[in-house]
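Engineer:
Residue numbers (UniProt numbering): 1 to 828.
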């Protein structure tokens, strides 16, 4: 059997060698994750819970404290690097983010700077005591003195290994330029997680003979009990100068585990011997040889079957040869008595005067404070004895229980534990949050806490644009009334009043989108969809109707007369064009709703620090309608509207020379297109550029909708209103067939040859209409007005007007004749 060693790095080497010799090895303090490999170390056992199993307690602590962001810093050792890799995987599975990982060897300044740059608050330290002090000292020295009252490091919560000796901060070292108090200032009330050293259960009864060991852990009793059996070459390591003020020895904290390990070896040997006797084997323990693999297996089985009540609780090994002991979660108590600090320094000065042997003793301020308090109470003056040690140790012995308690760990408060559930691989953890002490009086945070602040549109902006939209709706209704009441007038009739109604309906829908523009960003799923539908539908109705009117003018202008009598030029045909555009857009929008429905989505726009708490910053968010394939469907819808705009531009260009203002809106439609083409891209760019300013974004978007809509309806209808007011109302006269043919003949004789052919074609058409009328209306008065279809008259007017565009006199004669015909139709 091999006992040891203390350090994991040494244990890895000795365990490899012990396996070659058939020896069983048990360590009382090695915790390296690598030692859990039974392929590499089949004969290795250990008392302490391995480091990788402690992560369950780390996760419990972080979850209970609400910490989800941690930082890791470790010493460049295989023990700590392997632990860091394993720990990060477990933390990630527990939804705890490891924000940064720092590694250092002998120069911790860079590591300290990186931790400060990352504003690390929760730090897991994996290192030995000397490197821990170097790192803490580097953090202290790198902080300007002016910043130390509110220094960044005072917000840090450290989680360090439990293997540190309780006076590790009091002992100096190479490269350490900080005092213990300065190290404590950086460290604060840190946490440790490790195997339970001594059970806290008062009802627990250890194995016979183990109970008395508790007494040996107090003060100098441990040393006094073993000094007579110590080899002479070891006594120099355990003389009086090796003690601290409370009488404890360096490494004393590992004594309980070592004691349990010795008991485990004894019981393993006993189990092996019992088995040999029960099987009538002639061999005994003294017959062991290094080459006897069978005997080695018997010893291995004897160790695996060891069970007893140890100092720390029930002792047994799992199938991996590891003890899954109770995991203790503890907190270091930092308590400094400012009143006794001057007495402390005076005490140190007086002691050095008596220190004739130049013995360097390290003082822990809290221990000395408590010691001095008791010293003053009992009036034991410093100069009453001659020897410095004669003054210290009797006094320490008197107050040992007051200073350290039974286990010598008074500096650490047990705040929780984790125990393995019976016959399972899961752990059950408990944390007493009320036992935790915070220097700031509240639980520290894992970083700057981000709180959501929802940005809503100011009511005054909403009401302003609602008012503007209402004015636009009133304007639209007024134009609708004008269009309906004056639909029989020549100016209005020739501009297709029914199609004008569709345009105004689209304008009403556009104005109504302003009312749900904000609500669509405030959480209503229906409003998100309705806003998009109304906006696209309003464009389809408004510009679809405009382009349908232009299409009719284009057809009249470019098509032969016999084609003009088809249904293509009727209002129903124009309505069909608008309906097709509406259906296409709606099909696209319905597909959008089915494939990727829009829903209110929170968008981060900026962060604002809190004025009252520097650890809080507000994430300003606003809600907008969004979906997974929003970009794809938006591009498709815009492409359709772009095609409509291009087609309308083509029609406006082709009909730009038609000079009849009552019939041709191409100039105003061109201005409407220019409006949309220029303002829409500018509006989109500006709206996107102000996405982090919801109120400005809302104002610009609402302004663009109302402005484009208002300009569109004004460009289309205001010229008609002006023309209506300035129109020379000619008295209505019944035009007889003879006078109509006579006037048209005059026009034909004075027109160019092309115009003559057109007029003769129209005349023949009129004669045919007359013959049809006579056959259908026999017995009717000869003076009855000839029933001429309005579309034919419009076609005739357009054709002749374009042909005579270069001759104003002829155009005047023609317009007079057309007015007479239309007047007769109105009278009829």
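Idealized CB from N, CA, C, for every residue including glycine.
Note that the structure is predicted; figures quoted are calculated from it, not measured.
May I have the straight-line CA-CA distance separating residue 14 from residue 323, to the nearest angstrom?
Structural biologist: Along the chain shown, read from residue 1 onward, the residue named residue 14 stands at position 14. Along the chain shown, read from residue 1 onward, the residue named residue 323 stands at position 323. The straight-line gap from Cα to Cα measures roughly 19 Å.
Engineer: Using a Cβ-Cβ cutoff of less than 7 Å, which residues in the same chain neighbour residue 113 once the five nearest sequence positions on both sides are dropped?
Structural biologist: Position 113 of the chain shown, counted from the first residue, corresponds to residue 113. Excluding positions up to five away in sequence, the list reads 142.
Engineer: If I follow the unbroken alpha helix (DSSP H) through residue 270, where does it start and stop?
Structural biologist: Indexing the chain shown from 1 puts residue 270 at position 270. Element bounds for residue 270: 255-278.
Engineer: Please list, in chain order, all residues of the same chain as residue 445 whose beta carbon is under 6 Å from its beta carbon, the five residues on each side excluded.
Structural biologist: Reading the chain shown from its first residue, position 445 is the one you call residue 445. Same-chain partners within the cutoff: 615.
Engineer: Taking 7 Å as the CB-CB limit, is residue 262 close to chain D?
Structural biologist: Structure shown: chain D not included; a single protein chain is present.
Engineer: Would you please state the rounded distance, in angstroms, between the beta carbons of residue 547 and residue 647? I believe it to be under 8 Å.
Structural biologist: Taking the chain shown and counting its residues from 1, one reaches residue 547 at position 547. Taking the chain shown and counting its residues from 1, one reaches residue 647 at position 647. Contact holds; Cβ gap of about 6 Å.
Engineer: Quick one: complete alpha helix (DSSP H) runs, 4+ long, within the segment 176-213?
Structural biologist: Listed in chain order, the complete alpha helix (DSSP H) runs (minimum 4 residues) inside the segment 176-213 are 180-187.
Engineer: Would you call residue 131 buried or exposed, if buried means 16 or more other Cβ atoms sit within 10 Å of its Cβ?
Structural biologist: As a working mapping, residue 131 is identified with position 131 in the chain shown. Label assigned to residue 131: buried.
Engineer: Taking residue 117 as part of the alpha helix (DSSP H), name the residues at either end of that continuous run.
Structural biologist: Counting from one through the chain shown, the residue named residue 117 turns up at place 117. Residue 117 -> alpha helix (DSSP H) spans 109-117.
Engineer: Compare the Cα-Cα distances from residue 128 to each of 92, 31, 154, 181 and report the closest residue.
Structural biologist: Here residue 128 is taken as the residue at index 128 of the chain shown, counted from 1. Measuring from the Cα of residue 128, the nearest candidate turns out to be 31.
Engineer: Which of helix, strand or coil does DSSP assign to residue 771?
Structural biologist: For the purposes of this step, residue 771 is taken as residue 771 along the chain shown, with counting starting at 1. At residue 771 the pLDDT is 43, less than 50, meaning the model places this residue with poor confidence and gives no usable figure here.
Engineer: Might you give, ordered along the chain, the residues of its own chain that have their beta carbon closer than 7 Å to the beta carbon of residue 64, omitting 5 neighbours on each side?
Structural biologist: Walking along the chain shown from the start, residue 64 turns up at place 64. Answer for residue 64: 431, 433, listed in chain order.
Engineer: Residue 539 to residue 467, Cα distance in whole Å?
Structural biologist: The residue you call residue 539 lines up with position 539 of the chain shown. The residue you call residue 467 lines up with position 467 of the chain shown. Cα to Cα, residue 539 sits roughly 22 Å from residue 467.
Engineer: Counting C-beta neighbours from all protein chains within 10 Å, is the total for residue 195 16 or more, i.e. buried, or is it exposed?
Structural biologist: Counted from its first residue, the chain shown places residue 195 at position 195. Label assigned to residue 195: buried.
Engineer: To the nearest angstrom, how far is it from the Cα of residue 462 to the Cα of residue 518?
Structural biologist: Counted from its first residue, the chain shown places residue 462 at position 462. Counted from its first residue, the chain shown places residue 518 at position 518. In a straight line, the C-alpha of residue 462 is about 8 Å away from that of residue 518.
Engineer: Check the C-beta distance from residue 645 over to residue 677 and give it rounded, since I have them as a contact under 8 Å.
Structural biologist: What you label residue 645 is simply residue 645 of the chain shown in a count that begins at 1. What you label residue 677 is simply residue 677 of the chain shown in a count that begins at 1. Yes, they are in contact, since the Cβ atoms of residue 645 and residue 677 sit about 7 Å apart, within 8 Å.
Engineer: Please identify the residue among 115, 109, 70, 81 whose C-alpha is closest to the C-alpha of residue 97.
Structural biologist: Working through the chain shown from its first residue, we reach residue 97 at position 97. If we check each option's Cα against that of residue 97, 70 comes out closest.
Engineer: Using the Cα positions of residue 435 and residue 329, report the straight-line distance between them to the nearest angstrom.
Structural biologist: Working through the chain shown from its first residue, we reach residue 435 at position 435. Working through the chain shown from its first residue, we reach residue 329 at position 329. The straight-line gap from Cα to Cα measures roughly 11 Å.
Engineer: Tell me whether residue 625 sits in a helix, a strand or coil according to DSSP, three-state version.
Structural biologist: Numbered from its first residue, the chain shown carries residue 625 at position 625. It is a strand residue.
Engineer: Have a look at 534, 86, 483 and flag the residue whose alpha-carbon is nearest the alpha-carbon of residue 590.
Structural biologist: For the purposes of this step, residue 590 is taken as residue 590 along the chain shown, with counting starting at 1. Minimum Cα distance to residue 590 is reached at 534.
Engineer: Beta carbon of residue 306, beta carbon of residue 264: below 7 Å?
Structural biologist: Taking the first residue of the chain shown as position 1, residue 306 is located at position 306. Taking the first residue of the chain shown as position 1, residue 264 is located at position 264. It is a contact, given that the beta carbons lie within the stated cut-off.
Engineer: Start and end of the beta strand (DSSP E) containing residue 453?
Structural biologist: The residue labelled residue 453 in the question sits at position 453 within the chain shown. 449-454 is the extent of the beta strand (DSSP E) around residue 453.
Engineer: Between the C-alpha atoms of residue 3 and residue 38, what's the straight-line distance to the nearest angstrom?
Structural biologist: Taking the first residue of the chain shown as position 1, residue 3 is located at position 3. Taking the first residue of the chain shown as position 1, residue 38 is located at position 38. Straight-line Cα distance between these residues: approximately 18 Å.
Engineer: At which residues does the alpha helix (DSSP H) containing residue 635 begin and terminate?
Structural biologist: Taking the first residue of the chain shown as 1, we reach residue 635 at position 635. That run of the alpha helix (DSSP H) goes 630-654.
Engineer: Residue 414 bridges to which residues according to DSSP?
Structural biologist: Taking the chain shown and counting its residues from 1, one reaches residue 414 at position 414. DSSP lists 330 as partners of residue 414.
Engineer: Report all residues from its chain with a CB closer than 8 Å to the CB of residue 60; omit the five preceding and five following residues, and keep chain order.
Structural biologist: Numbered from 1 along the chain shown, position 60 holds the residue referred to as residue 60. These residues qualify, in order along the chain: 329, 416, 418, 429, 431.
Engineer: Short of 7 Å in beta carbon distance, which residues of its chain neighbour residue 356, apart from the five on each side in sequence? Order them along the chain.
Structural biologist: Residue 356 sits at position 356 when you count from the first residue of the chain shown. Residue confidence is low: residue 356 scores 42 on pLDDT, short of 50, so the model does not pin down where it sits. No coordinate-derived value is stated.
Engineer: Within 6 Å: the Cβ of residue 539 and any heavy atom of the ligand FAD?
Structural biologist: Absence of the ligand FAD is noted for the structure shown, with no ligands found whatsoever.
Engineer: Please name the residue or residues paired with residue 315 in a DSSP beta bridge.
Structural biologist: The residue given as residue 315 occupies position 315 in the chain shown. DSSP output for residue 315 lists 308 as bridge partner(s).
Engineer: By the DSSP assignment, the alpha helix (DSSP H) with residue 15 in it spans what residues?
Structural biologist: Taking the first residue of the chain shown as 1, we reach residue 15 at position 15. Here the alpha helix (DSSP H) through residue 15 covers 8-20.
Engineer: In chain order, what residues of the same chain lie with their CB nearer than 6 Å to the CB of residue 784, ignoring the 5 residues before and after it?
Structural biologist: Counting from one through the chain shown, the residue named residue 784 turns up at place 784. For residue 784, the predicted structure reports a pLDDT of 36, less than 50, and the residue's modelled location is therefore unreliable. A value from the coordinates is still provided. Closer than 6 Å at the Cβ level, and outside the excluded window around residue 784, lies no residue.
Engineer: Who are the Cβ neighbours of residue 190 in its own chain at under 8 Å, not counting the five residues just before and after it?
Structural biologist: Counted from its first residue, the chain shown places residue 190 at position 190. Excluding sequence neighbours, residue 190 sits near 157, 158, 159, 160, 331, 332.
Engineer: Under the DSSP definition of a beta bridge, which residues are partnered with residue 27?
Structural biologist: In the chain shown, residue 27 corresponds to position 27, counting from 1. Residue 27 is bridged to 46.
Engineer: Given residue 790, which residues of its chain have a CB within under 6 Å of its CB, disregarding the five upstream and five downstream residues?
Structural biologist: In the chain shown, residue 790 corresponds to position 790, counting from 1. Low confidence applies here, because residue 790 scores a pLDDT of 46, under 50, leaving its location unreliable and the question unanswered by this model.
Engineer: Taking the CB atoms as reference points, tell me whether residue 140 and residue 178 lie closer together than 7 Å.
Structural biologist: As a first step, residue 140 is located in the chain shown; it is residue number 140 there, counting from the start. As a first step, residue 178 is located in the chain shown; it is residue number 178 there, counting from the start. Yes, these two residues count as a Cβ contact at 7 Å.
Engineer: I'd like the list of long-range same chain contacts for residue 774, defined as Cβ closer than 7 Å, with 5 residues on each side in sequence excluded.
Structural biologist: Translated into the one-based positions of the chain shown, residue 774 becomes position 774. With a pLDDT of only 43 at residue 774, under 50, the local geometry of the prediction cannot be trusted, and no value is derived from it.
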